[in-house]
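Participant: Here's a structure for you.
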Amino acid sequence: MKIIILGAGQVGSGLVEYLVNENNEITLVDNNYEKLQAIKNRFDIKVVQGYGSYPATLRSADADNADLLVAVTNSDEINMLACQLGYSLFHIPQKIARILNHDYIAEKELLFADQAIPVDNIIAPENLIMLEIVKLIEFPGVTQMAEFADGRLCMASVKAYYGGTNVGYPISSLKKTLNNVIAKIIAIYRQDKMIIINDNTVIEAGDEVYFIAAKSHVKQVISTLQKQELPYRRIMIIGGGNIARDLAMNICNKYSVKLIETNQNRATELANEFDPTSVQVFCSDPSDQNFLIEEHIDMMDLVIAVTDNDETNIMTALLAKKMGAKKAIVLIKKYAYINLLSNNAIDVYLSPKDATISALLTNIRRNGINNVKTLKHGLAEGMEIKLTGDSASSGVIGKKIKEIQFPTGIIIGAIARGNDIFIPGPEDVLQGNDLIIFFVSEKRSIKDLIKLTSPKATYFAGNSKERN
263 MKIIILGAGQ VGSGLVEYLV NENNEITLVD NNYEKLQAIK NRFDIKVVQG
313 YGSYPATLRS ADADNADLLV AVTNSDEINM LACQLGYSLF HIPQKIARIL
363 NHDYIAEKEL LFADQAIPVD NIIAPENLIM LEIVKLIEFP GVTQMAEFAD
413 GRLCMASVKA YYGGTNVGYP ISSLKKTLNN VIAKIIAIYR QDKMIIINDN
463 TVIEAGDEVY FIAAKSHVKQ VISTLQKQEL PYRRIMIIGG GNIARDLAMN
513 ICNKYSVKLI ETNQNRATEL ANEFDPTSVQ VFCSDPSDQN FLIEEHIDMM
563 DLVIAVTDND ETNIMTALLA KKMGAKKAIV LIKKYAYINL LSNNAIDVYL
613 SPKDATISAL LTNIRRNGIN NVKTLKHGLA EGMEIKLTGD SASSGVIGKK
663 IKEIQFPTGI IIGAIARGND IFIPGPEDVL QGNDLIIFFV SEKRSIKDLI
713 KLTSPKATYF AGNSKERN
């Protein structure tokens, strides 16, 4: 596939890293020469210096022959105009744009259509982050959550702590504890390094455990890995931007919510939007200890820091935890901070880059890939692939799992087959139309996985002739 990526920032460069080894011909466009050269020195791709909204720049990137345009610059207007040019001048089949401005998102049904602004898929990072936080609130104890098979299966990570019934015991004991529960441990990171696991591997306190389970069974699995937590009741949101506002709107009917905003005018606007019995809005410095004491920070089940400033988010969350708040979720844009604080007191870190790349990969990848979720801050992936073909055209359909040589770092987590979901064993035979949920710890193996699970080209040719 010939792909043009506009923008060499965190998202654009991260996307190159994911796609470069998957038989894609990538051209990266940016106006910053240093950024382009730094990425070109790492990857064998074409780079073009220039503005992505200029026809001449897109022509230099060979837009006439592109299959896909991904516009992820920091300017919504450049991203939208580039998609318009891709449609009107170059007839690029698929166009994806990252849109940051909430006003554009609010009008997306009317704005983003061929007769208006021809964007095939919009990626809205703030909305993605908000929805991710909602999932984490629903499942206390989870540090990351990804849904597959139309929400019937979840891949999640939790920290193992003493108090969990299976901590200190081998993985095999989980099957006995959770009889008739659809669940499987798929990976363990110990001191931030992935370890090789089998049924005899002992789960230790401090382990970061990734598992897959039916959504209705997730809480049961969590309870075996740490002391079961009560549902959240009192939540404090730090920040008054779009993420904070939409989050408060989303959860205020289920939880007691306090929202803290430093700007008086913005705080007044927010106060006018909410019924004070559902969301209390305060104008204050979230690092003011007297204010936090007055608002009973020690009684908060969860503090969520989602301002535009990483340092503010980190420091206010650390302060809140020190003063008695039970849990903290923090939005961090700079990856360097995540690495520095990975062993600190904050419970969950969320990255707009991770959320954006997950959404982009889901829209970009083909070959039966329905859904992609970046995990462990880009070190791993959860991937849903639909098997197409038959036993004659596929290298996996009609075979037992134990007969298939999967690439290194590829683990089958679960299968959705029609209305059924299950954890497969080595004797299970894969069938056409199966939705298979993979855990991928070696991203370089993705190309081989796609090749293995894709039918031969002759299968599509034959079906095309039958339809004709």
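For reference, each letter of the sequence shown is one residue, going 263 to 730 in the working numbering.
Glycine included, every Cβ here is placed at the ideal spot set by N, Cα and C.
Just so it is clear, the structure is predicted and the values come from calculations on it, not from any experiment.
Given that a residue counts as buried once 16 or more other Cβ atoms are within 10 Å of its Cβ, and exposed if not, what is residue 424?
Facilitator: exposed
Participant: What residues match up with residue 684 in a beta bridge as DSSP calls it?
Facilitator: According to DSSP, residue 684 bridges with 677.
Participant: Between 332, 294, 305, 281, which lies nearest to residue 267 when the distance is taken from Cα to Cα?
Facilitator: For residue 267, the nearest C-alpha among the options comes from 332.
Participant: Is residue 539 buried or exposed, if buried means 16 or more other CB atoms sit within 10 Å of its CB?
Facilitator: Burial state of residue 539 is exposed, judged by a 10 Å Cβ sphere holding fewer than 16 other Cβ atoms.
Participant: Let me make sure I understand the geometry here. Which of 593, 708, 533 has the alpha-carbon closest to that of residue 642?
Facilitator: Checked all of 593, 708, 533; the closest Cα to residue 642 is 708.
Participant: Write down the C-beta distance between residue 716 and residue 629 rounded to the nearest angstrom, noting that I regard them as a contact closer than 8 Å.
Facilitator: Going by Cβ atoms, the distance from residue 716 to residue 629 rounds to 5 Å, so yes, they are a contact pair.
Participant: What residue range does the alpha helix (DSSP H) around residue 357 cover?
Facilitator: Element bounds for residue 357: not the alpha helix (DSSP H) but the beta strand (DSSP E), 356-360.
Participant: Which same chain residues end up closer than 6 Å to residue 562 when comparing Cβ atoms and leaving out the 5 residues on each side of it in sequence?
Facilitator: 496, 498, 587
Participant: From residue 382 to residue 345, what does the alpha carbon distance come to, in whole angstroms?
Facilitator: 9 Å
Participant: Given residue 505, which residues of its chain have a CB within under 6 Å of its CB, disregarding the five upstream and five downstream residues?
Facilitator: 388, 391, 392, 568
Participant: In chain order, what residues of the same chain lie with their CB nearer than 6 Å to the CB of residue 648, ignoring the 5 residues before and after it?
Facilitator: So the qualifying residues of the chain are 630, 632, 697.
Participant: Using three-state DSSP, classify residue 266 as helix, strand or coil.
Facilitator: strand
Participant: Can you tell me whether residue 571 is helix, strand or coil according to DSSP?
Facilitator: coil
Participant: Count the other CB atoms within 10 Å of the CB of residue 750; is the residue buried (16 or more) or exposed (fewer)?
Facilitator: Past the boundaries of the shown model lies residue 750; the chain is included only from 263 to 730, so the question cannot be answered.
Participant: Three-state secondary structure (DSSP) at residue 625?
Facilitator: helix
Participant: Whole-angstrom Cβ separation of residue 448 and residue 472, contact assumed at under 8 Å?
Facilitator: 5 Å
Participant: Which of the three DSSP states is assigned to residue 718 in this structure?
Facilitator: coil
Participant: Residue 418 and residue 406 look like a contact to me (Cβ under 8 Å); what is the Cβ gap, rounded to whole Å?
Facilitator: 6 Å
Participant: Over the uninterrupted alpha helix (DSSP H) stretch that includes residue 287, give me the two end residues.
Facilitator: Run containing residue 287: none in the alpha helix (DSSP H); it sits in the beta strand (DSSP E), 287-292.
Participant: Suppose the cutoff is 6 Å on Cβ atoms and the five residues either side in sequence are ignored; what does the same chain contact list for residue 583 look like?
Facilitator: 590, 607
Participant: Which word fits residue 459, buried or exposed, when buried means at least 16 other C-beta atoms lie within 10 angstroms of its C-beta?
Facilitator: So residue 459 ends up on the buried side.
Participant: So, for residue 528: in the same chain, excluding its five sequence neighbours on each side, which residues have a beta-carbon less than 7 Å away from its beta-carbon?
Facilitator: 502
Participant: Apply the 10 Å Cβ neighbour rule to residue 665 and answer buried if 16 or more other Cβ atoms are within range, or exposed otherwise.
Facilitator: exposed
Participant: For the ligand MG, I want to know if residue 436 counts as a neighbour, meaning its beta carbon is within less than 6 Å of at least one of the ligand's heavy atoms.
Facilitator: Looking at this structure, you won't find the ligand MG or any other ligand, since it has none at all.
Participant: Report the partner residues of residue 456 according to the DSSP bridge assignment.
Facilitator: 451
Participant: So what does residue 224 bridge to, in DSSP terms?
Facilitator: A question about residue 224 goes unanswered here, because the residues of the chain that appear run from 263 up to 730.
Participant: CB-CB under 6 Å to residue 302, same chain, minus the five flanking residues each way: which ones, in chain order?
Facilitator: Closer than 6 Å at Cβ, skipping near neighbours: 309.
Participant: Going by CA-CA distance only, name the one from 500, 706, 296 that's closest to residue 312.
Facilitator: 296
Participant: If you compare alpha carbons, which of 427, 480, 699 is closest to residue 466?
Facilitator: 427
Participant: Taking the alpha-carbon positions, what's the residue 750 to residue 468 distance?
Facilitator: Any answer about residue 750 is impossible in this case: the structure gives the chain only from 263 up to 730.
Participant: So, at 6 Å on beta carbons, what are the nonlocal neighbours of residue 489 in its own chain, with the 5 sequence-adjacent residues on each side left out?
Facilitator: Answer for residue 489: 425, listed in chain order.
Participant: Looking only at its chain, what residues have a beta carbon closer than 8 Å to the beta carbon of residue 726, apart from the 5 residues adjacent to it on each side?
Facilitator: A caution first: residue 726 carries a pLDDT of 49, below 50, which makes its placement in the model too unreliable to give a value.
Participant: What does the Cβ neighbour count give for residue 403, buried or exposed, with the cut at 16 atoms within 10 Å?
Facilitator: Residue 403 should be labelled buried.
Participant: Buried or exposed for residue 455, please, with buried defined as at least 16 other CB atoms from any protein chain shown within 10 angstroms of its CB.
Facilitator: Classification for residue 455: exposed.
Participant: Under three-state DSSP, which class holds residue 275?
Facilitator: helix
Participant: Just reading off the alpha helix (DSSP H) that residue 480 is part of, what are its end residues?
Facilitator: 480-487
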